[in-house]
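In full-length UniProt numbering, the protein residues as written are 1 to 220.
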């Protein structure tokens, strides 16, 4: 949910700058800074966070394989409390992690420390199925294009059903992305989806607003 607050043009969505950050190598620095900011924002109110509070971070190949990434993930969890939060590293198809013994070793090490993994935008390409074969992930996130069309397009509805069935057998948790209407929410719940994400619940908000409108109210 990162956004770039440009001084001249205002808010720039991630699809306009994340690919550039990945191709230039800046994504590693950006991800590290976002992890630090997340810890800084949540530290003062961590006692108010609900148990099993999920923090999702998109991870590209450059970040995952960068020296020190595993340590930074463990430090974030340690700061906020391993018994309080669940760090979810979301694997993306745009810059996929190579399926190698080295990558699998990092994956397994993080898993052993209770750090979990999600396949983001599932159903949009071949790489996500390859991930599912190679890495024992914990979550599948159904791409919003299927979620938003499932009620009006029969094929999209069948795709969602197939993804849910695919995830159910190994016991994976299922997240529907891009939920914008109550109709979409009800349909996803009816199909067996476990978690819903989208503008129906909240648009992306700055960290301070999230603290004041969600954490403080829930904790108070």
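For each residue, glycine too, the CB sits at the ideal point set by N, CA and C. Predicted model only: the values in this text are computed from it and were never measured.
Measuring straight from C-alpha to C-alpha, what distance separates residue i and residue j?
{"i": "residue 298", "j": "residue 160", "result": "Outside the shown range of the chain, which is 1 to 220, sits residue 298, and nothing can be said about it."}
{"i": "residue 214", "j": "residue 145", "result": "27 Å"}
{"i": "residue 166", "j": "residue 186", "result": "20 Å"}
{"i": "residue 125", "j": "residue 60", "result": "16 Å"}
{"i": "residue 173", "j": "residue 163", "result": "11 Å"}
{"i": "residue 72", "j": "residue 98", "result": "20 Å"}
{"i": "residue 2", "j": "residue 62", "result": "18 Å"}
{"i": "residue 136", "j": "residue 206", "result": "32 Å"}
{"i": "residue 69", "j": "residue 154", "result": "42 Å"}
{"i": "residue 109", "j": "residue 204", "result": "31 Å"}
{"i": "residue 88", "j": "residue 195", "result": "14 Å"}
{"i": "residue 182", "j": "residue 200", "result": "7 Å"}
{"i": "residue 141", "j": "residue 37", "result": "24 Å"}
{"i": "residue 80", "j": "residue 212", "result": "18 Å"}
{"i": "residue 176", "j": "residue 188", "result": "7 Å"}
{"i": "residue 18", "j": "residue 27", "result": "7 Å"}
{"i": "residue 107", "j": "residue 210", "result": "30 Å"}
{"i": "residue 64", "j": "residue 113", "result": "16 Å"}
{"i": "residue 119", "j": "residue 30", "result": "21 Å"}
{"i": "residue 111", "j": "residue 86", "result": "11 Å"}
With distances taken from CA atoms, which of the options is nearest residue i?
{"i": "residue 121", "options": "18, 28 and 58", "result": "58"}
{"i": "residue 221", "options": "140, 16, 41 and 128", "result": "Look at the range of the chain in this structure, 1 to 220, and you will see that residue 221 is not part of it."}
{"i": "residue 123", "options": "31, 102, 147 and 101", "result": "147"}
{"i": "residue 171", "options": "192, 104 and 180", "result": "192"}
{"i": "residue 22", "options": "66, 52, 7 and 51", "result": "66"}
{"i": "residue 75", "options": "39, 7 and 210", "result": "39"}
{"i": "residue 132", "options": "92, 114 and 18", "result": "92"}
{"i": "residue 24", "options": "184, 104, 95 and 179", "result": "95"}
{"i": "residue 116", "options": "139, 128, 105 and 169", "result": "139"}
{"i": "residue 208", "options": "15, 43 and 6", "result": "43"}
Check residue i in the structure and name its three-state DSSP category.
{"i": "residue 46", "result": "helix"}
{"i": "residue 84", "result": "coil"}
{"i": "residue 159", "result": "helix"}
{"i": "residue 41", "result": "helix"}
{"i": "residue 68", "result": "coil"}
{"i": "residue 29", "result": "helix"}
{"i": "residue 107", "result": "helix"}
{"i": "residue 150", "result": "coil"}
{"i": "residue 210", "result": "helix"}
{"i": "residue 138", "result": "coil"}
{"i": "residue 10", "result": "strand"}
{"i": "residue 60", "result": "coil"}
{"i": "residue 215", "result": "helix"}
{"i": "residue 90", "result": "strand"}
Would a check of beta-carbon distances place residue i closer than 9 Å to chain B?
{"i": "residue 182", "result": "In the structure shown, chain B cannot be found, because there is only a single protein chain."}
According to DSSP, which residues form a beta bridge with residue i?
{"i": "residue 53", "result": "85"}
{"i": "residue 122", "result": "142"}
{"i": "residue 289", "result": "With the chain represented from 1 up to 220, any question about residue 289 goes unanswered, as that position is not in the structure."}
Query raised in the report: Taking contact to mean at least 3 C-beta pairs separated by less than 8 Å, is the segment 8-26 in contact with the segment 47-56?
Result: no
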